[in-house]
Amino acid sequence: MTMSSSCDLLITNVHVATMAVSGVPYGAIYNADIAIAEGKIVDVGPMVQSLWQGAHTLNGAGCWVTPGLIDCHTHLVYGGDRAREFEMRLNGASYESIARQGGGILSTVQATRAASETELLTSATGRVQRLMAEGVTTVEIKSGYGLDRDTELKMLRVAKQLEAQLGLHVESTFLGAHALPAEFAGRPDDYIAFVCGDVLPEVAAAQWASSVDIFCEHIGFSTRHAARLFAAALQYGLAVKAHVEQLSDLKGAVTAAKYGALSVDHIEYLQAEDIAAIKSAGSVAVLLPSAFYYLNETQKPPVQALREQGVDLAVATDHNPGSSPLLSLLTALNMACVLFGLSPEEALLGATRNAAKALGLARKGQIAPGFDADLCLWPMEHPSELSYAINQHRPVAVLIGGELVGQ
Ligand SMILES: [Zn+2]
37 MTMSSSCDLL ITNVHVATMA VSGVPYGAIY NADIAIAEGK IVDVGPMVQS
87 LWQGAHTLNG AGCWVTPGLI DCHTHLVYGG DRAREFEMRL NGASYESIAR
137 QGGGILSTVQ ATRAASETEL LTSATGRVQR LMAEGVTTVE IKSGYGLDRD
187 TELKMLRVAK QLEAQLGLHV ESTFLGAHAL PAEFAGRPDD YIAFVCGDVL
237 PEVAAAQWAS SVDIFCEHIG FSTRHAARLF AAALQYGLAV KAHVEQLSDL
287 KGAVTAAKYG ALSVDHIEYL QAEDIAAIKS AGSVAVLLPS AFYYLNETQK
337 PPVQALREQG VDLAVATDHN PGSSPLLSLL TALNMACVLF GLSPEEALLG
387 ATRNAAKALG LARKGQIAPG FDADLCLWPM EHPSELSYAI NQHRPVAVLI
437 GGELVGQ
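Residue numbers (this note's numbering): 37 to 443.
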């Protein structure tokens, strides 16, 4: 008889895409078992079954196990939708005439301000459940459709309630600097002063968010505004993320890197000479192929140059009502492969290990001892299928913190 340690759950008879650095594709371990105790992975490998006595056992029946998927960039709390505007545009209306009729981002701001907290929670719950059905166990949610103190805080409260009610991990980001509200028309400096001086301190004090974000673009805010926001964020102990180089090259990524950004997101117009700054800051490059697709853009992010310089790549849905009404992270992985040329392994790393890094989560996104037991079991022959197929795969079991979801 061999000595065995006890654990809460033993998952047997699986292949494991650990996504850890291991020198083999996907960090794969074939014919393995996973031991879980107190919500953490305590052991993974072949023969683990003979070393651990589980209070419960789950026979994986030859499934592949991946880390729970992480959608590291969404705007999924909002009121209303933009379907009518989509239709008007395709019927030939110009952006200008749509804007004159109250369309665009400011229509979502209006609807979000008007919605009650319960209404926002109900609509966002449905969206998160769709992501979870595909194996998402951590989601990042940005504010940014309030653009006033009360609505920004309302959105961040809803994000916390989603975590409490649905049991997944929610990482909240304060995106007060998403757009210029009508009340501050022509006064972007005053608005950034308001965001930094009136809203940010409250967000930080109540720990409503762990990061700040800004839409740095010629139709958004300048790098000077970004630098001011980032300096304030660091003072309050918040991390920095940024929407940069989506439609033009403003050097927003370089500005964000100066402040040690966790991630620089979109980056279609990022120039090769600016990649070294991102690499040395350790920022993750977050690719958002669904927004690229939806806006029918042509300028692609410099993936090969990012790869050559060793920048970590993540992939997210960017779910939002205007430019990416997508609630499928697996579809975003497929788009990252087809549109941007990622390999299926790079795409899956982008929704696991590198997505965790983009959120500053040191204990998520990999299957190794000490990591959170957020796991998905997939009935498939090889992990490349997750990026290959479109709307075909659902996990047969999902664990969050070692607990089976839906049990
Ligand atoms: Zn976004």
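Even glycine gets a Cβ: it sits at the ideal position worked out from N, Cα and C.
On the DSSP bridge list, what partners appear for residue i?
i           : result
residue 360 : 356
residue 349 : 321
residue 79  : 71
residue 252 : 257
residue 412 : 102 and 434
residue 92  : 45
residue 50  : 68
residue 247 : 209 and 275
residue 302 : 280
residue 439 : 436
residue 107 : 175
Grab me the residues of residue i's own chain with a C-beta within less than 6 Å of its C-beta, minus the 5 sequence neighbours each way, in chain order.
i           : result
residue 139 : 121
residue 205 : 174
residue 101 : 50, 52, 411 and 413
residue 254 : 284
residue 396 : 275 and 298
residue 114 : 144, 148, 181 and 357
residue 370 : 423 and 426
Where do the ends of the beta strand (DSSP E) carrying residue i lie?
i           : result
residue 421 : No beta strand (DSSP E) contains residue 421, which is instead part of the alpha helix (DSSP H) from 421–424.
residue 66  : 64–73
residue 296 : Taken as a continuous stretch (DSSP letters only), residue 296 belongs to no beta strand (DSSP E), as it is neither H nor E.
residue 334 : Neither: residue 334 is in no beta strand (DSSP E) and is coded neither H nor E.
Can you list, in chain order, the residues of its chain whose CB lies under 8 Å from that of residue i, leaving out five sequence neighbours each side?
i           : result
residue 170 : 105, 364, 365, 366, 429, 430 and 431
residue 143 : 116, 118 and 121
residue 316 : 293
residue 339 : 323, 349, 376, 377 and 378
residue 331 : 359
residue 43  : 71, 72, 73, 78, 79, 88, 89, 90 and 91
residue 234 : 185
residue 273 : 240
residue 48  : 69, 85, 93, 94, 95 and 96
residue 209 : 176, 177, 178, 179, 245, 246, 247, 248, 249 and 277
Please report the residue range of the alpha helix (DSSP H) in which residue i lies.
i           : result
residue 224 : 224–230
residue 280 : Element bounds for residue 280: not the alpha helix (DSSP H) but the beta strand (DSSP E), 275–280.
residue 375 : 365–376
residue 386 : 380–386
residue 144 : 141–150
residue 55  : Careful: residue 55 lies outside any alpha helix (DSSP H) and carries neither H nor E.
residue 97  : Here residue 97 belongs to no alpha helix (DSSP H), and DSSP marks it neither H nor E.
residue 462 : Because the chain spans 37 through 443 in this model, residue 462 falls outside it and cannot be assessed.
residue 85  : 84–87
residue 237 : 236–241
residue 133 : 131–136
residue 398 : Looking at the DSSP string, residue 398 is not in any alpha helix (DSSP H), and its letter there is neither H nor E.
Given residue i, which residues of its chain have a CB within under 7 Å of its CB, disregarding the five upstream and five downstream residues?
i           : result
residue 328 : 304 and 375
residue 342 : 311, 321 and 349
residue 368 : 325, 326, 351, 352, 353 and 362
Original post:
Okay, do the segment 106–121 and the segment 390–399 touch, 3+ Cβ pairs below 8 Å being the bar?
Top reply: The segment 106–121, when compared against the segment 390–399, does touch it at the 8 Å Cβ threshold.
Subject >> Validate contact between the segment 253–264 and the segment 291–303 using beta carbons, cut 8 Å, 3 pairs >> reply: Result yes; three or more Cβ-Cβ pairs closer than 8 Å.
Original post:
For the 8 Å Cβ check, are there 3 or more pairs between the segment 144–153 and the segment 404–412?
Top reply: The answer is no - the segment 404–412 does not touch the segment 144–153, with fewer than three Cβ pairs under 8 Å.
Original post:
Three or more beta-carbon pairs under 8 Å between the segment 150–165 and the segment 78–88, yes or no?
Top reply: Because the criterion of three Cβ pairs below 8 Å is not met, the segment 150–165 and the segment 78–88 do not touch.
**OP:** Could you tell me which uninterrupted beta strand (DSSP E) segments, each at least 3 residues in length, are contained entirely in the segment 166–222, listed from first to last along the chain?
**Re:** If we require 3 residues or more, the beta strand (DSSP E) runs fully inside the segment 166–222 come out as 172–178 and 205–213.
**OP:** Determine, using beta-carbon pairs with one atom in the segment 206–216 and one in the segment 245–253, whether at least three such pairs fall under 8 Å.
**Re:** Judged by Cβ distances under 8 Å, the segment 206–216 makes contact with the segment 245–253, as three or more pairs qualify.
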